[in-house]
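Here the structure is laid out as structure tokens; the discussion comes afterwards.
Protein chains: 2
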Amino acid sequence: MMIRDDRTSEPETGGARRRAILEIAARLFARKGYRGTSMRDIGEAAGVQGGSLYHHIRSKDALFVELHHAALDEAERRIAQAASQQLEPWARLEAACAALLEIQLDPDSLTMPMMNDFREVPATVRTALIERRDRFETRFRDLVANLPLPPELDRSIYRNLLLSQLNSAADWVRPGRLSPRDIAEQIARVFRHDISTG
Amino acid sequence: MMIRDDRTSEPETGGARRRAILEIAARLFARKGYRGTSMRDIGEAAGVQGGSLYHHIRSKDALFVELHHAALDEAERRIAQAASQQLEPWARLEAACAALLEIQLDPDSLTMPMMNDFREVPATVRTALIERRDRFETRFRDLVANLPLPPELDRSIYRNLLLSQLNSAADWVRPGRLSPRDIAEQIARVFRHDISTG
DNA sequence: CCTACCGATCGGTAGG
DNA sequence: CCTACCGATCGGTAGG
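Sequence order for the protein chains is Z and G.
29 is the number that the UniProt record's numbering gives to position 29 of the first sequence; each next residue is one higher, with no gaps.
35 is the number that the UniProt record's numbering gives to position 35 of the second sequence; each next residue is one higher, with no gaps.
Have a look at this one:
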């Protein structure tokens, strides 16, 4: 997880301390969910009292939204980078899938894995999350638009199916058994349907 | 949601009252999740105080597990019934997918939609849920085993991909826009890969 | 089925 | 960054 550090500051003070706290919070949210992670949990992991965190953040809600946005920022970067290495449409799609899966399946990526359980989050937070996620998913629109799909496949549904497939992978993949690339390859094979060549 | 009524009793007393409470609780759990639904919420929806519910149930945990198991019991029945109407392997699979999707996408089915967020549930409950779900998913093993899949598709991964696809549909399908059958048809098209005919 | 309460926990704040 | 606390809410119980 890359987190911006606005202020110029000595190591382990100011912005650096804040960044460390954000990373700790991200790990906890990813593992235990929004409601399952208390401010006291975060404080304990950071070696301070829960109340002391409010020197660095405004509220639990704001913290979560900030982490979510930073996670999607980084995911977009990595996916764009991976796709740009490929020219052929299916290869581009598979590279993007592999990049997203690597993020979703890495237990230490601190990046995304919890970003799907929108229901356990307050309504105001949910609105912000969904808006950002919708923008993120737009990045897959061109990737899918360039595929030579047979006409009986609806591209909008196809894109949603692919994205939900990628996002739900963490729910069933047993860590260590299958690599993100293995899963990405199988997903690519299932989702590959050329209009001409079978 | 079908809930067993063990005792013979007059309408709206004993078992009937209990069943009504279970259905109310199932609806709330489905909409708000486990942690997002308090016993007081359930009591309010049932027209009683939260504490009064403990005359009918032992604990929130036990209530949730009971609802989960009843939901999977009914889902298994409906899926088996739908698949049995078809002979051809792909048709059987599509029928099973449509049956499961109808359950997952019906906001009033009181049946399953919340059964995926295992992370917000206590560990002891989670164990029971996962065990039951694994047994449920076994029902799809034969359906997949009978498909004439090309050898480069791993049947175990394929089955997991299909199930997670079906289970995550409720997260993105906007109710009313697409029918469960439409989604099932598109999923069937994406997942259909014959070994011989393209 | 109710009132009244328990111990625990939550997000957050005051005041230093 | 701490101590000490707030008001709210939680699952659950006692006693009727």
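All residues carry an ideal CB built from backbone N, CA and C; glycine is no exception.
No experiment lies behind these values; they were computed from the predicted model shown.
**Request:** Just confirm the distance between the C-beta atoms of L100 (chain G) and A75 (chain G), as a whole number of angstroms; I'd bet it's less than 8 Å.
**Result:** 7 Å
**Message:** Taking the straight line between their C-alpha atoms, what separation do you get for residue 203 (chain Z) and H55 (chain G)?
**Reply:** Any question about residue 203 (chain Z) goes unanswered here, given that chain Z covers just 1 to 198.
**Contacting positions in the stretch 145-178 of chain G - beta carbon closer than 9 Å to chain Z** = P150, E152, L153, D154, I157, Y158, N160, L161, L162, L163, S164, Q165, N167, S168, A169, D171, W172, V173 and L178
**Message:** Just to make sure I have the definition right: I need the residues of chain G whose C-beta is within less than 8 Å of the C-beta of residue 211 (chain Z). Which are they?
**Reply:** As shown, chain Z starts at 1 and ends at 198. That puts residue 211 (chain Z) outside it, with no answer to give.
**Prompt:** Are the Cβ atoms of E120 (chain G) and E94 (chain Z) separated by less than 9 Å?
**Reply:** no
**Asked** Which residues in the same chain as R192 (chain G) place their Cβ atom closer than 7 Å to its Cβ, once the five residues preceding and following it in sequence are excluded?
**Response** W90
**Request:** Would you please state the rounded distance, in angstroms, between the beta carbons of L149 (chain G) and I103 (chain G)? I believe it to be under 8 Å.
**Result:** Actually they do not touch by this definition, with Cβ atoms about 25 Å apart.
**Request:** Return the Cβ separation of A25 (chain G) and L63 (chain G) in integer angstroms, given the expectation that the two are a contact with Cβ distance under 8 Å.
**Result:** 6 Å
**is_contact[A104 (chain G), chain Z] using C-beta, thresh 9 Å** = Note on residue identity: the sequence assigns Gln, not Ala, to residue 104 (chain G). Output row for Q104 (chain G): interface = no.
**Item:** Neighbour flag for D182 (chain Z) against chain G, beta carbons, 9 Å
**Value:** yes
**Message:** Taking 8 Å as the limit between beta carbons, can you name the residues of its chain near L28 (chain Z), skipping five residues before and five after?
**Reply:** T37, D41, I42 and A45
**Message:** Let's test the definition: count the other Cβ atoms within 10 Å of the Cβ of A80 (chain Z) and tell me whether it reaches 16, buried, or not, exposed.
**Reply:** exposed
**Partner residues on chain G for G36 (chain Z), Cβ-Cβ distance less than 8 Å** = R35, R119 and E120
**Request:** For residue 202 (chain Z), name the three-state secondary structure that DSSP assigns.
**Result:** Here chain Z comprises residues numbered 1 to 198, so residue 202 (chain Z) is not present and cannot be evaluated.
**Message:** I'd like to know if H55 (chain Z) contacts chain G, where contact means its C-beta is closer than 9 Å to some C-beta of that chain.
**Reply:** no
**Contacts that residue 204 (chain Z) makes with chain G (C-beta to C-beta distance below 8 Å)** = Residue coverage of chain Z in this structure runs from 1 to 198, which leaves residue 204 (chain Z) outside it and unanswerable.
**Request:** Check the Cβ-Cβ distances between R189 (chain Z) and every residue of chain G, and say whether any is below 9 Å.
**Result:** yes
**Message:** For chain Z, check one thing: does any of its Cβ atoms lie closer than 9 Å to the Cβ of H68 (chain G)?
**Reply:** no
**Message:** Which residue wins for smallest C-alpha separation from V144 (chain G), given the options G:R159, G:S164, G:V65 and G:D134?
**Reply:** G:R159
**Per-residue DSSP class, three states only, for Y34 (chain G)** = coil
**Run of the alpha helix (DSSP H) containing W172 (chain G), from where it starts to where it stops** = No alpha helix (DSSP H) holds W172 (chain G); DSSP gives it neither H nor E.
**Message:** Using the three-state DSSP reduction, which class does P148 (chain Z) fall into: helix, strand or coil?
**Reply:** coil
**Request:** Taking A70 (chain G) as the reference, give the member of G:M112, G:E88, G:A30 and G:G33 with the closest Cα.
**Result:** G:M112
**Message:** Which residue marks the beginning of the alpha helix (DSSP H) containing V121 (chain Z), and which one marks its end?
**Reply:** Run containing V121 (chain Z): none; DSSP gives neither H nor E here.
**Message:** Check this for me: beta carbons of L129 (chain G) and V65 (chain G), under 9 Å apart or not?
**Reply:** yes
**Prompt:** Whose C-alpha, out of G:L53, G:A98, G:M115 and G:Y34, is nearest the C-alpha of D171 (chain G)?
**Reply:** G:M115
**Asked** How long is the line joining the alpha carbons of K32 (chain Z) and Q85 (chain G), rounded to whole angstroms?
**Response** 42 Å
**Prompt:** For R92 (chain Z), does the count of other Cβ atoms within 10 angstroms reach 16, so buried, or fall short, so exposed?
**Reply:** buried
**Message:** Considering only the alpha carbon of each residue, which of G:D108, G:A96 and G:R17 lies closest to V48 (chain G)?
**Reply:** G:R17
**Asked** Helix, strand or coil: how does DSSP classify G47 (chain Z) here?
**Response** coil
**Helix, strand or coil at W107 (chain Z) [DSSP, three-state]** = Per the sequence presented here, residue 107 (chain Z) reads as Pro, with Trp not at that position. It is coil, neither helix nor strand.
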